[in-house]
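S.K.: Got a structure for you, written out below as structure tokens; questions coming shortly.
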Amino acid sequence: MNRERDSETTIEEDTQPNDEVVPYSDDETEDELDEQEPAVEPEQNRVNREAEENREPVRKECTWQVKANDRSFHEQPQFMNTKFFCLKESKYASNAIKTYKYNAITFLPMNLFEQFKRAANFYFLILLILQAIPEITTLAWYTTLVPLLLVLGITAIKDLVDDVARHRMDKEINNRTCEVIKDGRFKTAKWKDVQVGDVIRLKKNDFIPADILLLSSSEPNSLCYVETAELDGETNLKFKMSLEVTDRYLQKESALATFDGFVECEEPNNRLDKFTGTLFWRNTSYSLDADKILLRGCVIRNTDYCHGLIIFAGADTKIMKNSGKTRFKRTKIDYLMNYMVYTIFVVLILLSAGLAIGHAYWEAQVGNYSWYLYDGEDYTPSYRGFLNFWGYIIILNTMVPISLYVSVEVIRLGQSYFINWDLQMYYSEKDTPAKSRTTTLNEQLGQIHYIFSDKTGTLTQNIMTFKKCCINGQIYGDHRDASQHHHSRMDEVDFSWNTFADGKLVFYDHYLIEQIQSGKESEVRQFFFLLAICHTVMVDRSDGQINYQAASPDEGALVTAARNFGFAFLARTQNTITISELGTERTYNVLAILDFNSDRKRMSIIVRTPEGHIRLYCKGADTVIYERLHPMNPTKQETQDALDVFANETLRTLCLCYKEISENEYEEWNKKFMAASIASSNRDEALDKVYEEIEKDLILLGATAIEDKLQDGVPETISKLAKADIKIWVLTGDKKETAENIGFACELLTEDTTICYGEDISALLHTRRENQKNRGGVYAKFAPVVNEPFFPTGGNRALIITGSWLNEILLEKKTKRSKILKLKFPRTEEERRMRTQSKRRLEANKEQQQKNFVDLACECSAVICCRVTPKQKAMVVELVKKYKKAITLAIGDGANDVNMIKTAHIGVGISGQEGMQAVMSSDYSFAQFRYLQRLLLVHGRWSYIRMCKFLRYFFYKNFAFTLVHFWYSFFNGYSAQTVYEDWFITLYNVLYSSLPVLLVGLLDQDVSDKLSLRFPSLYVVGQKDLLFNYKKFFISLFHGILTSMILFFIPLGAYLQTMGQDGEAPSDYQSFAVTVASALIITVNFQIQKNRKRYKEEEQWKRRQNVFRRGASSRRSAYAFSHQRGYADLISSGRSIRKKRSPLDAIIADGTAEYRRTVDS
């Protein structure tokens, strides 16, 4: 029993989470996790593994077969699947993309079917059928048919417009062209016409139409550079390389036309970074992996042309497999409105039943004895009561107005257009307006409790700028002249002496230029030479200009900086690289490139100089570089101090170093390198081991510091959202130090903030969990739940936690790694029962631990999760939704934010540097983070207030309209007769009372947009559901009851006993009906104006009170980010926040004076 329990807890009890690493990949399979286990395994694991190995292994079949240039092969019977009865279709999808829902034939039936799935529409269809039965209806059939047709028609038109847009988008994509081998030569074909097995040719800047196997290209060794922004959000280039045999033999059109290769590979899946397959050609098999596959959605860059074989097409491509189903999101008001409609249904049934019973009693007491009421039917009183029940269901059906739902859709559509048309959310630099991509969530924007934000590209610009550097222990980048004297103000460095300078670098340290030009310190020139030669940047010349295509924004910034300082990277081939060194071009032979990866955290290049010397140049993270330095590095400590200074200024750092290599040492190492390069198994591990042998005893040159600037207005936006009682959590993949510094720059963290880290809260959560277990027992379920705070009251706290600690605390890592430990062979029933109980205990423990973590995190004013994967981002959002029942918003700009955006109640995409995938998955999109405050505090708040007022008034006017029938029943023997004329009933919600309430729902403003932004605390009403809840609903109900009584009984009293001059009563049924109807229209339409005035008076009083309260409790942020400076410059230049703020006494005095004026008035 103990062994079983231990096997499910952990493997490495003493291992602490590593803050520097990102946790396991979201895409890892259980098999891959097994491979990551330590070499030393527990004895029980070994026994289990040996028992499994003795069984027949299960082979993963590669069942997807592709034959080049042979379409008939894929039409064979074995590749056909039965779709419907005897209808069959090929398992190979066509390349045509279909995102639309309807066509000309299916639109009407499918749309009607979808609309009648709505409970309200189906309810009115049943009413329409009931009205066709003469025995139970007293209303004409058109009173329900006309509004129903109107609602169905408007909704159908809206759906049609949306679907036509999808048709146009699909048509645009499907009609793109590429070149395909047909009849022995390349011919132009549309994307929708290409098929699996076709050989295609793509040119520079072409989109890739399907997942293809790269056969050859115009580049040496058939390299092909692709941009993957639509897949993973990264704008940096990645390279693919074909097989050597296809590169050699498949360059010409004739060879490609006769190519008859056969590919066996895995079935279509959504694994973007994995591919397993084999190419059979010329009696030889060749292994295929992801490096040889070009995926649909990528763009060909820096490659004149390439050829490929289509493996997966259309819906089978990896990008389409990853699209998944978009979650259908509904607002909190939607759910509340549905429950209120259900409540009205109950009230309707109770009223109808009561009136039916009244009619049965009246028939028994009066109707049977009144000969003039005989209708020729000998029904019993109880049966007549039963028929009248359905009659009243029909008459009182307007309590559930059919026009409610279509009116809500019209209001939401209008509010969406207001967001689209808002010029204050338009970003002119990129011609990007705000876009509401949904029409169903607008009012939920006014109820947000938590915002989950990405960092890079969302809070920052994701545009890297070379800011400072440390060379030979000395820091460069301050405001200095050529004589090394510091100045508070300094002109920018003039780079006109350098013909290769791009003119975009802003630098103020003239002393560094003096050092470069004089050559007094060789290390300075060596430093920038290293930046120009140690990289994987590709150069592209167009119109005489040099353009760099970098693998990351950081690398591009460093190479561009070297170019501006006189060391310009000009060209590269497979074996050489050309550099302009202060105007002198020199070409170096590249002997080896030791590439960067997330484990190495560094990259190196080995070159031979024109003089014949061999050198290794290396750049990487300080943690890995310092471990590999020669013991005799005199500037090691000075560089470390400089790195600390750079980190405090929120700059991103890299260390640079080099090493002289002898000919013999290189020859010996190169043999090992070549052997590792062709290893058939564990090639990456073998290469890393060889790299380690040469990357040691390095000489430190210095460090670089580049800046990822904050977007304009980020601190101000965060400050205002915080005053609106919205909590902001930052979820990022960056290092803990960088994320923490960004937190200070954004004002999420201040000097008064107490920061808690993963190790701190782990202890707190462990103590809390032990206390909860101790309080458990037999009577645990009957004991009251104790919600004790984790921290003492008072004080400002923030939580910074890494992805590794997050997995540790939430027990995610242990669950993931425990699966290989489970016994897989059959067990007895007792063992199975014990295993089930153990699983339940573990799940309960995990759930309680997660709830504790959320409770603790929500006690903090700010939370920063760093080094987290996309899956963990979504998990954090889901935990807050689950345990806090709060409305959440996620905002990001990259493909790694898509999961988080789809998980949150509302997803916002930033149109930034990382492609459009986040925008395409979002509900709202714009170009800058600062627009979020206007989206929530203005549009969100207005939408919420408008929708609440609309619903309250809509319910009120329909109760006032419908319940008149209830009072009339007491005077007509409960006979289900109507007060109003039939056409008035038909047109009441459609015509007579629709326009005023729609105008309120679309245009009403309690305060202006400027005041909404000036007083963020006005936003709280939506968070607390103050304007629409069950209390407000019942107030509307009783208000409607009172109004209906007045509307009925006052005209009744006036007409009851009247006599004209001619001795006849002037009143009749028609006159009474017109009088009541006219009074109703006048009353309800004037009532909304009265409510609007009263509401504005209340809001004005609250607003004036807020002046005094806000001035006394908080100060306005004065970060001046509109002048395009980054946050590092603000910090380093000493422009602190407090210098910009108004004195507290002045604010209190102003607030007190205005408060007194309010009281006096």
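In this note's numbering, the protein residues as written are 151 to 1311.
Heads up, the beta-carbon is just placed ideally off N, CA and C, and yes, glycines get one too.
#1: Residues bridged to Gly717 by DSSP?
#2: Return helix, strand or coil for Arg752, following the three-state DSSP convention.
#3: Helix, strand or coil: how does DSSP classify Ser1167 here?
#4: With respect to the beta strand (DSSP E) encompassing Ala948, which residues constitute its N-terminal and C-terminal limits?
#5: Quick check on the burial criterion: 16 or more other C-beta atoms within 10 angstroms. Buried or exposed for Ala930?
#6: Could you have a look at Asp439 and say whether DSSP puts it in helix, strand or coil?
#7: Which of the three DSSP states is assigned to Trp571 in this structure?
#8: Got a sec? Which residues, its chain only, sit under 7 Å from Arg1102 by beta carbon, not counting five neighbours each side?
#9: For Cys620 and Thr854, I'd like the C-alpha separation in whole angstroms.
#10: According to DSSP, is Val344 part of a helix, a strand, or is it coil?
#11: Strictly by DSSP, which residues pair up with Ala1040?
#12: Rounding to the nearest angstrom, what Cα-Cα distance links Lys1032 and Lys1001 in this structure?
#13: Rounded to the nearest angstrom, what separates Asn488 and Asp572 at their Cα positions?
#14: Grab the span of the alpha helix (DSSP H) containing Tyr492 for me, first residue to last.
#15: Give the DSSP-derived three-state secondary structure of Trp291 in the structure shown.
#16: Are the CB atoms of Phe1222 and Tyr1205 nearer to each other than 8 Å?
#17: Could you pull out every residue in the same chain whose Cβ sits closer than 8 Å to the Cβ of Thr785, ignoring the five residues on either side in sequence?
#18: Tell me whether Lys839 sits in a helix, a strand or coil according to DSSP, three-state version.
#19: Along the chain, where does the beta strand (DSSP E) that runs through Ile856 open and close?
#20: Quick check: Ile1060 and Ala1077, are their CB atoms within less than 8 Å of each other?
#21: Of the choices Ala218, Arg750, Val311, whose alpha-carbon is the least far from that of Val346?
#22: Using only the alpha-carbon positions, how far apart do Ala721 and Leu744 sit?
#23: In terms of residues, what are the limits of the beta strand (DSSP E) holding Asn261?
#24: Exposed or buried, what is Trp540 when buried is set at 16 or more other beta-carbons lying within 10 Å of its beta-carbon?
#25: Whole angstroms is fine: what's the gap from Leu681's alpha carbon to Ala712's?
#26: Please go through the same chain and pick out, in chain order, the residues whose beta-carbon is closer than 8 Å to the beta-carbon of Glu1131, but skip the five residues on each side of it.
#27: Return the residue from the list Ile764, Ser812, Ile959, Arg752 that minimises the CA-CA distance to Leu804.
#28: First and last residue of the beta strand (DSSP E) that includes Thr888?
#29: Taking the CB atoms as reference points, tell me whether Val376 and Cys328 lie closer together than 8 Å.
#30: Thinking C-alpha only, which one of Val864, Gly504, Cys374, Thr467 is nearest Asn420?
#31: Leaving out the 5 sequence neighbours to the left and right, which residues in its chain are closer than 6 Å to Thr606 when beta-carbon positions are compared?
#32: What separation, rounded to the nearest whole angstrom, lies between the Cα atoms of Leu393 and Thr213?
#33: Quick check on His457: does DSSP put it in helix, strand or coil?
#34: Could you pull the DSSP bridge partners for Leu352 from this structure?
#35: Going by the DSSP bridge assignment, what does Val330 pair with across the sheet?
#36: Would Met1097 and Ile561 qualify as a contact pair, given that the criterion is a beta-carbon distance under 8 Å?
M.R.: Taking the definition as stated:
#1: The residue labelled residue 717 in the question sits at position 567 within the sequence shown. Note that residue 717 corresponds to Phe in the displayed sequence, not to Gly. The partner list for Phe717 (beta bridge, DSSP) reads Glu731.
#2: Numbered from 1 along the sequence shown, position 602 holds the residue referred to as residue 752. Strand.
#3: Taking the first residue of the sequence shown as position 1, residue 1167 is located at position 1017. Three-state result, Ser1167: helix.
#4: To locate residue 948, count along the sequence shown from 1; it is residue 798. Residues 946-952.
#5: The residue you call residue 930 lines up with position 780 of the sequence shown. Low local confidence applies: a pLDDT of 47 at Ala930 is under 50, so the model's placement there is unreliable, and no value is given.
#6: As a working mapping, residue 439 is identified with position 289 in the sequence shown. Correct three-state label for Asp439: coil.
#7: Along the sequence shown, read from residue 1 onward, the residue named residue 571 stands at position 421. Coil, per DSSP.
#8: Taking the sequence shown and counting its residues from 1, the one referred to as residue 1102 is at position 952. Taken in chain order, the residues that qualify are Phe1178, Lys1182, Ser1186.
#9: Within the sequence shown, residue 620 is the residue found at index 470, counting from 1. Within the sequence shown, residue 854 is the residue found at index 704, counting from 1. In a straight line, the C-alpha of Cys620 is about 6 Å away from that of Thr854.
#10: Translated into positions along the sequence shown, residue 344 becomes position 194. Three-state result, Val344: coil.
#11: Residue numbering aside, residue 1040 sits at position 890 when the sequence shown is read from its first letter. BP columns for Ala1040 point to Phe602, Gly1057.
#12: By one-based count along the sequence shown, residue 1032 stands at place 882. By one-based count along the sequence shown, residue 1001 stands at place 851. Rounded to whole angstroms, Lys1032 to Lys1001 spans 9 Å at the Cα level.
#13: Start at 1 with the first residue of the sequence shown, and residue 488 comes out as number 338. Start at 1 with the first residue of the sequence shown, and residue 572 comes out as number 422. About 31 Å.
#14: Within the sequence shown, the letter at position 342 stands for residue 492. First-last of the alpha helix (DSSP H) with Tyr492: 482-515.
#15: In the sequence shown, residue 291 corresponds to position 141, counting from 1. Reduced to three states, the DSSP call for Trp291 is coil.
#16: Along the sequence shown, one-based indexing puts residue 1222 at 1072. Along the sequence shown, one-based indexing puts residue 1205 at 1055. Their beta carbons are under 8 Å apart, which means Phe1222 touches Tyr1205 by this criterion.
#17: Taking the first residue of the sequence shown as 1, we reach residue 785 at position 635. Excluding residues within five positions, the ones whose Cβ falls inside 8 Å are Asn622, Gly623, Leu850, Gly852.
#18: The residue labelled residue 839 in the question sits at position 689 within the sequence shown. Lys839 falls in the helix class under three-state DSSP.
#19: For the purposes of this step, residue 856 is identified with residue 706 of the sequence shown, where counting begins at 1. Here the beta strand (DSSP E) through Ile856 covers 849-860.
#20: One-based indexing of the sequence shown puts residue 1060 at position 910. One-based indexing of the sequence shown puts residue 1077 at position 927. Contact: yes.
#21: Start at 1 with the first residue of the sequence shown, and residue 346 comes out as number 196. The shortest C-alpha separation from Val346 is found at Ala218.
#22: The residue you call residue 721 lines up with position 571 of the sequence shown. The residue you call residue 744 lines up with position 594 of the sequence shown. Roughly 19 Å separates the two Cα atoms.
#23: Indexing the sequence shown from 1 puts residue 261 at position 111. Run containing Asn261: none in the beta strand (DSSP E); it sits in the alpha helix (DSSP H), 257-266.
#24: Stepping through the sequence shown from its first residue, residue 540 is reached at position 390. That one is buried.
#25: What you label residue 681 is simply residue 531 of the sequence shown in a count that begins at 1. What you label residue 712 is simply residue 562 of the sequence shown in a count that begins at 1. Approximately 6 Å between the Cα atoms of the pair.
#26: As a first step, residue 1131 must be located in the sequence shown, where it is residue number 981. Here the set comprises Gln1220, Ala1223, Val1224, Ala1227.
#27: What you label residue 804 is simply residue 654 of the sequence shown in a count that begins at 1. The residue with the shortest Cα to Cα distance from Leu804 is Arg752.
#28: Taking the sequence shown and counting its residues from 1, the one referred to as residue 888 is at position 738. Looking at the DSSP string, Thr888 is not in any beta strand (DSSP E); the run it does join, the alpha helix (DSSP H), is 886-895.
#29: One-based indexing of the sequence shown puts residue 376 at position 226. One-based indexing of the sequence shown puts residue 328 at position 178. Contact flag unset, no.
#30: For the purposes of this step, residue 420 is identified with residue 270 of the sequence shown, where counting begins at 1. Minimum Cα distance to Asn420 is reached at Thr467.
#31: Position 456 of the sequence shown, counting from 1, holds the residue named residue 606. Asn612.
#32: The residue you call residue 393 lines up with position 243 of the sequence shown. The residue you call residue 213 lines up with position 63 of the sequence shown. One C-alpha to the other measures close to 22 Å.
#33: Within the sequence shown, residue 457 is the residue found at index 307, counting from 1. In this structure, His457 counts as strand in the three-state DSSP scheme.
#34: On the sequence shown, residue 352 is found 202 positions in, with the first residue counted as 1. Note: Leu352 sits in a beta bridge opposite Cys456.
#35: Position 180 of the sequence shown, counted from the start, is the residue given in the question as residue 330. Answer by DSSP bridge pairing, in chain order: Lys337, Ile350.
#36: Position 947 of the sequence shown, counting from 1, holds the residue named residue 1097. Position 411 of the sequence shown, counting from 1, holds the residue named residue 561. For Met1097 and Ile561, yes; Cβs fall inside 8 Å.
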